[in-house]
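Down below is the structure, laid out as structure tokens.
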Amino acid sequence: METDELIAALAADEVAPKRPRLALRVLPGLALSALLVALVWQIRPDWALAVTQAPVLVKSLLPLGLAALAGALLLRPAPGRALPAAPFAVAAGLAALGWAVAVARGGDALGHSALQCLLSILLLALPVGVPLLIGLRHRVEPRPARAGLLAGVFAGAAATALYALHCNEDAPAFFLLWYSLGIAICAGAGRMAGRRMLGV
Amino acid sequence: MRQGLAGDRKAYARGLALLAPRMRAMALRDLPAPMRHMAEDVVQEALLSVHLKRGSWDVRRPLMPWVRVITKHKAIDAIRAGARRQHEPIEDHAHLGAPPVDPLESLHIEQALARLSERDAALVREHAVHGADPETLSSRFGLGPGALRVALHRALRRLSDAARKDEEWKPTS
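Residue numbers (the numbering used here), protein chains in the order written: chain A, 1040 to 1239; chain C, 352 to 524.
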């Protein structure tokens, strides 16, 4: 087939182009996860009081910050933007360091809801991550694996911030380990999905 | 291009036709000398991508950097695929009775087209060669006008996917 012929076929395609509309796609997912936390998981009754304490504040703000960073990086379209992984590597390193200190001080890493925490984060990340990847599919992504990774971090961190409203284990030795693990699994899953689904 | 995206089909075809030579120049620059014969493939795959992802181009930003990213990465894909399967230019073996090669014809897209279902391939070819005549096509494929539109769109999408998946080299017969 010659290029002119291909152009004729392309011009004949009248189906309206799909727009990425990332924010529009992700917001309903975020709302769904928030609703799930409020209705099924339920917000911890002492949340208003607990959130004034440093560790509880940290466990909410840390994932919130991660999600904001990943989201802001992803919102900009392809040419003339970078998708650095370094900030997230630094965040992971700091979390590991903080966790080591907390454990050395005799913190309880296993808690009583480790598995529930991990599964909840993965589950709550799905309604956010899936529409985000679908939106990114309609976009030109020169670095598919990296974009998928950041999408996974965004979904995982947003889910973690929501789950933190329910979780009543406030020991840094617990949440630094399990929250980070949850976000890391989401990031890995996003990276794999990105490699398959995204591209130029 | 901006008019074309606003729904003017003639302007859109004109825009793509204007882009093609510039993309060809980019592809020729990106590909190493022994792979220059792949340039037209790169252009066609990049055109497919420009078409399918045109909804993501922000009309307030310049068009060429966006097109450049697409063409560059299609060229990189071609180089990677080429490293995996060594290609011997058929022109070097003229004494074997090889048919003459049309440089504007692209092998890769043709192969991708051969991997589509018969209906998809026929749809793309009909539009490509004879231009769109919805009524004849409707009766030939037994589809209503709406279904025909969607069928063409899906066929192009599958064509793009098929071209991206680098399968075993197989002759198009």
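Note that beta-carbon positions come from the ideal geometry of N, C-alpha and C, so glycine has one too.
Along chain C, in chain order, which residues have C-beta atoms closer than 9 Å to that of residue i?
i: A:S1058; result: The sequence as given places Arg at residue 1058 of chain A; Ser does not occur at that position. Neighbours of A:R1058 on chain C, chain order: G406 and S407.
So with CB distances below 7 Å, who are the chain A contacts of residue i?
i: C:Q462; result: Neighbours of C:Q462 on chain A: none; closest Cβ ~11 Å, over 7 Å.
i: C:K516; result: Near C:K516 there are no residues of chain A at all, since even the closest Cβ is about 11 Å away, more than 7 Å.
i: C:R360; result: A1050
i: C:H424; result: P1181 and V1239
i: C:A479; result: M1040, E1044, L1045, A1047 and A1048
i: C:K421; result: Per the sequence shown, the amino acid found at residue 421 of chain C is Ile instead of Lys. Under the 7 Å cutoff, chain A gives V1179 and V1239.
i: C:A432; result: What C:A432 touches in chain A: nothing, since even the nearest Cβ is about 14 Å away.
i: C:A473; result: Correct list: empty, because the minimum Cβ distance to chain A is about 12 Å.
i: C:A429; result: Those do not exist, as C:A429 stays about 12 Å from chain A at its closest Cβ, beyond 7 Å.
So with CB distances below 8 Å, who are the chain A contacts of residue i?
i: C:T410; result: The question names Thr, but residue 410 of chain C is Val in the sequence shown. Within 8 Å Cβ-Cβ: nothing; C:V410 doesn't reach chain A, min ~11 Å.
i: C:P416; result: P1118 and G1119
i: C:E395; result: Checking the displayed sequence, the identity of residue 395 of chain C turns out to be Gln instead of Glu. Result: M1040, T1042 and L1045.
i: C:L507; result: A1048, L1049 and D1052
i: C:A357; result: Neighbours of C:A357 on chain A: none; closest Cβ ~11 Å, over 8 Å.
i: C:A513; result: In chain order: nothing, as chain A lies at least about 13 Å away.
At a CB-CB cut-off below 7 Å, which residues of chain C make contact with residue i?
i: A:G1104; result: Per Cβ cutoff of 7 Å: no residues; A:G1104 is ~27 Å from chain C at best.
i: A:G1110; result: Within chain C, no residue comes near A:G1110; the closest Cβ sits about 17 Å away, beyond 7 Å.
Which bits of chain B does residue i rub up against, with CB to CB less than 8 Å?
i: C:A368; result: No chain B appears in this structure, whose protein chains are A and C.
Which chain A residues are close to residue i, counting only those with a beta carbon under 9 Å from its beta carbon?
i: C:S400; result: V1179, G1238 and V1239
i: C:A465; result: Within chain A, no residue comes near C:A465; the closest Cβ sits about 11 Å away, beyond 9 Å.
Any alpha helix (DSSP H) of 4 or more consecutive residues that is wholly inside the segment 1079-1110 of chain A: Taking 4 residues as the minimum length, the alpha helix (DSSP H) runs contained wholly in the segment 1079-1110 of chain A are 1086-1089, in order along the chain.
Unbroken stretches of the alpha helix (DSSP H), 4 residues or longer, contained in the segment 1146-1213 of chain A: Qualifying alpha helix (DSSP H) stretches, in chain order: 1153-1176 and 1183-1202.
Contacting positions in the segment 1178-1199 of chain A - beta carbon closer than 7 Å to chain C: Listed by position along the chain: R1178, V1179 and P1181.
Chain C contacts made by the segment 1112-1145 of chain A, where a contact means CB separation under 9 Å: Cβ contacts with chain C: P1116, A1117, P1118 and G1119.
Contact between the segment 1146-1153 of chain A and the segment 1204-1214 of chain A (3+ Cβ pairs under 8 Å): They touch, by the three-pair rule.
Stretch-stretch touch, CB-based, cutoff 8 Å, three pairs: the segment 1177-1190 of chain A with the segment 1228-1236 of chain A: Short answer: they touch.
Cβ-based contacts, 8 Å cut-off: residues of the segment 1041-1065 of chain A near chain C: Those residues of the segment 1041-1065 of chain A that come within reach of chain C (Cβ to Cβ, closer than 8 Å) are E1041, T1042, D1043, E1044, L1045, I1046, A1047, A1048, L1049, A1050, A1051, D1052, E1053, V1054, A1055, P1056, K1057, R1058 and P1059.
Contact between the segment 1075-1093 of chain A and the segment 1176-1183 of chain A (3+ Cβ pairs under 8 Å): In short, these stretches do not touch, since the Cβ pair count stays below three.
Touch test, the segment 398-405 of chain C against the segment 365-376 of chain C, Cβ-Cβ under 8 Å, three pairs minimum: A contact between stretches requires three or more CB pairs, one per stretch, nearer than 8 Å, and the segment 398-405 of chain C meets this requirement with the segment 365-376 of chain C.
Residues, ordered as in the chain, of the segment 372-392 of chain C that lie near chain A by beta-carbon distance below 7 Å: For the segment 372-392 of chain C, the set of residues with a beta-carbon nearer than 7 Å to any beta-carbon of chain A comprises E391, in chain order.
The segment 1062-1076 of chain A in contact with the segment 408-424 of chain C per 3-pair CB rule at 8 Å: No, because fewer than three Cβ pairs between the segment 1062-1076 of chain A and the segment 408-424 of chain C fall closer than 8 Å, the two stretches do not touch.
The segment 484-503 of chain C: positions lying closer than 7 Å to chain A by Cβ: Result list: R500, V501 and L503.
Segment contact flag, the segment 493-510 of chain C with the segment 457-469 of chain C, C-beta cutoff 8 Å, min 3 pairs: Between the segment 493-510 of chain C and the segment 457-469 of chain C, the count of Cβ pairs shorter than 8 Å is three or higher; the stretches touch.
Segment contact, 8 Å Cβ cut-off, at least three pairs: the segment 1128-1141 of chain A with the segment 1153-1164 of chain A: They do not touch, by the three-pair rule.
Secondary structure, alpha helix (DSSP H): runs of 4+ residues fully inside the segment 483-516 of chain C: The segment 483-516 of chain C contains these whole alpha helix (DSSP H) runs: 485-492 and 496-515.
Alpha helix (DSSP H) segments (min. 4 residues) lying fully within the segment 367-440 of chain C: With a minimum length of 4 residues, the continuous alpha helix (DSSP H) runs that stay inside the segment 367-440 of chain C are 390-403 and 414-435.
Segment contact, 8 Å Cβ cut-off, at least three pairs: the segment 477-491 of chain C with the segment 421-432 of chain C: No: the two stretches stay apart, fewer than three of their Cβ pairs being nearer than 8 Å.
At least 3 beta-carbon pairs within less than 8 Å: the segment 1046-1062 of chain A vs the segment 488-503 of chain C: With the cut-off at 8 Å, the segment 1046-1062 of chain A and the segment 488-503 of chain C touch.
Runs of beta strand (DSSP E) wholly within the segment 459-484 of chain C (minimum 3 residues, chain order): Complete beta strand (DSSP E) runs here, min 3: none at all.
Three-pair Cβ contact test at 8 Å for the segment 377-384 of chain C versus the segment 392-399 of chain C: At 8 Å Cβ cutoff, the stretches touch.
Inter-stretch contact (C-beta, 8 Å, three-pair minimum) for the segment 1095-1114 of chain A and the segment 1199-1210 of chain A: The segment 1095-1114 of chain A is in contact with the segment 1199-1210 of chain A.
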